[in-house]
Structure formats: structure tokens, C-alpha cells
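Here the UniProt record's numbering is used: position 191 in the sequence shown is 191, and no number is missing along the way.
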Amino acid sequence: MDEIRGDEIRGKTEGTAAVPLSVLDLVTVGQGRTATQALRTSVDIAQLAERRGFHRYWVAEHHSMPGVASSSPAVILAHLAAHTERIRLGSGGVMLPNHAPLVIAEQFGTLEAMAPGRIDLGLGRAPGTDGATAAALRRTDRLGEGADDFPQQLAELTRFLDDDFPDGHPYARIHAVPGPVQATAEGGVQSPARPPIWLLGSSGFSARLAGVLGLPFAFAHHFSAQNTVPALDLYRESFRPSAVLDAPYALIGVSALAADDEREARRQVLSGALSMVRLRTGRPGLVPTPEEAEAYAFSPMEREFVDSWLVNIVHGTADEVRTGLDDLAKRTGADELMITANAHGGEARLRSYELIADAYGLPAA
């Protein structure tokens, strides 16, 4: 195995934060905005996050959703790498069953060469989309096989990253480039590091697998809050020390949005809730404006969904969000909080991360 150090996985706390704070970006596109503007906002947020001491910045893979422009994490990460210098960048995550393991190894080997020592490879087993789109991505309608084969796909990807298929294996003479093989070529010099693998999940499957393999684990609390504590408990109970980690390390994705006053925060998160209502009812679209969300006539069933959805979004003033995040970290025992701020406009998202940084006294430069 190529070198992976625990300090490349474990985050660093800044200011008064009890745990490291990071950012999860869905590259959301609001009504009246373009994907180009959304991607520019991602650069702005990544630079703000780096400047203010957030530990890492991840991009999530989604498909066929007009309001989410993050279908190609590796491409976006290359762009972000060119506009940042220190912050860790990664996938939160790449949906492994959608891709050939060799392709992912090549993409993230390339990213590692672009930004040495700054790349994380987070992997999920869900499609990140609906069944029809997943079938188009995978060129098959036998979708269950991809999820069931996840451990085998993970093992194959790991061997491509480490370039250590055993003699006699059909892939023993195949190499992911950029990668370790370049160090063994005549006159070759190659960094011994490669991106650490994280497993992502919203249930117990990846929690247990990450524990058994001794890998870091990221849980999607932002859309599966009821499963957070059971999954983290399962991860810790299943954990076996490895060459990667000597003790469990788990982060959770958290929806959080801070504004200058409580009413404005409520307006912003309501637009995201309406976007989720439309997605869950088969009407995905661009993120609506706060004005449209306020004027929307929610049905009783939709209102019930919105109320349950908003309960798990930490929102309000900066102090209220800080209190909510601190309570969540204490309740779950998470080692790191990865904050996603879904709102219509980039200005609201940028302001939210700035306010949260101020609330925790994170570095100003």
C-alpha cells in the first residue's frame, strides 16, 4: 500500500470549534442563475473556506437534477485545485457503481498529481440519481448488482490506486496512471502518497464495511438524520485498526445555514425545502427563490414533509447555528462536521459560511 498518514485524514480544529469544520458543496443552481454562476460560487466558497480555516471541501456526485450541477466531481475538483492552495479537496462522494474502478483511479491519481497531499476520495454505493438515470449511466437495468458488488469494486479500486494486483491476476499488467507504477519505471520518480479512501453512507452497510476495513467514514446526516447515531455506533463497534487508521474517524454531513437574522435564515432554507418537495414528488428543477417558497401553497402532506425536513437543518443567526452544531457534535460524537448550505443564491451561501466562521472565531486570513 502506498503511504497514507492519519494526519491526512484527521482534521484540525480552529478557533473555538470543538471539532474540525468542513464544507460539502452540491453546486446548487437557483432559478434565474446559470451553471456557470454556480461553479463560480463554488470557487468563491472554496477560497473563503480555505481563508477561514475550514479543513476540507468536498463535492457530491448527482445526476439529472437541474438544480444540482455537480455531476462530474473530478472535473470540478480540478478547477477548485487551480484556485486554492492548501485546503483539502475531495469527493463526497463519487458513486462507485456508476464508474469503472480504473477510471476513478486514473481521475484521482491525476488530481493527486495536480494537488499533492490535498485530495480525498470519498466513495458511495448509491447511484446519486433515479433508477432510469442510473441505468443510463451504468448501461444496465440490473442496478442491484452494482450495489451488491460494492466491496469487490472497492477492493479493485484500492489495488489500482496501490498498483499491487498479485501476479497472475488479469489486471496485474494494468496500471492507473498517474500512479505508483511511474516510480518503478526506469528513471521514474513518483510521490509515495495517494488519496485516502473514505466510505460514505446513509445506512449501516458502508458504516460496517468502513469499520471492518479500518477506513474513515462519512455519514449523510443531512438527509438521513434518523440513522446517524445507529450508523456511527455500528462503525465504531465494527472498527478494526488498519494501516490507514488506528482508531475510528467519522464525519457527518450537516445542513446548516446562518443569516443576519432568524427570519432571513428561515426564508433561505424554505426555498431548499421546496426544492426537495419537488424532487421527492418527481418534479426536480432549479432551486426556487425565497419569495416563491414563501408564496407557495403547500398541501398538508407537503407541509408535513417540509416541517420534518427543516427540523434537521440547523438554521438561524450565527449564534443559533453555532449552538445547534455544537449540540449535534456532542449528541453524535462526530469527529468532524461537514456543512452544506443549500439556498437559492450564492450570496446567501457565502454569507452563511462567513457568519459560521465568525461565530467560531476561525482565522480571518
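Glycine is no exception: its CB is placed at the ideal position from the N, C-alpha and C atoms.
The alpha-carbon of Ala265 is positioned some 19 Å away from that of Leu328. Rounded to whole angstroms, the gap between the alpha carbons of Tyr57 and Ala49 is 8 Å.
Under the Cβ criterion (8 Å, minimum of three pairs), the segment 315-330 counts as touching the segment 252-260. In the displayed model, His315 falls within a strand according to three-state DSSP.
The segment 282-302 makes contact with the segment 29-36; the number of CB pairs closer than 8 Å reaches 3 or more. Taking a C-beta distance under 8 Å as the contact criterion, Pro216 and Glu112 do not qualify as a contact pair. Short of 6 Å from the beta carbon of Arg267, and not among the five residues preceding or following it, lie these beta carbons of its own chain, in chain order: Pro290.
Contact annotation: the segment 52-72 does not touch the segment 175-187, with fewer than three C-beta pairs closer than 8 Å. At least 8 Å separates the beta-carbon of Pro230 from that of Pro66.
Per DSSP, Arg208 lies in no beta strand (DSSP E); the unbroken alpha helix (DSSP H) holding it starts and ends at Gly204 to Leu213.
Annotated three-state conformation of Ala81 is helix, per DSSP. Looking only at Glu262, Glu237, Ala243 and Asp261, the smallest Cα-Cα distance to Ala250 is reached by Glu237. Rounded to whole angstroms, the gap between the alpha carbons of Leu234 and Ile197 is 19 Å. Beta-carbon to beta-carbon, Phe223 and Ser206 are separated by about 15 Å, too far to satisfy the 8 Å threshold. Annotation for Phe165: no alpha helix (DSSP H) segment contains it, and DSSP assigns it neither H nor E.
Where Leu257 is concerned, the enclosing beta strand (DSSP E) starts and stops at Ala250 to Ala258.
For Tyr235, the secondary structure class from DSSP, reduced to helix, strand or coil, is helix.
If you look at Arg56, you'll find it isn't in any alpha helix (DSSP H); it sits in the beta strand (DSSP E) that goes Arg56 to Val59. Here the alpha carbon of Val189 sits roughly 15 Å from the alpha carbon of Gly109. In this structure, the straight-line span from the alpha carbon of Leu80 to that of Val43 is close to 6 Å. Within the model, the alpha-carbon separation for Asp358 versus Leu337 is close to 16 Å. Taking C-beta atoms as the reference points, Leu26 and His62 count as a pair closer than 8 Å.
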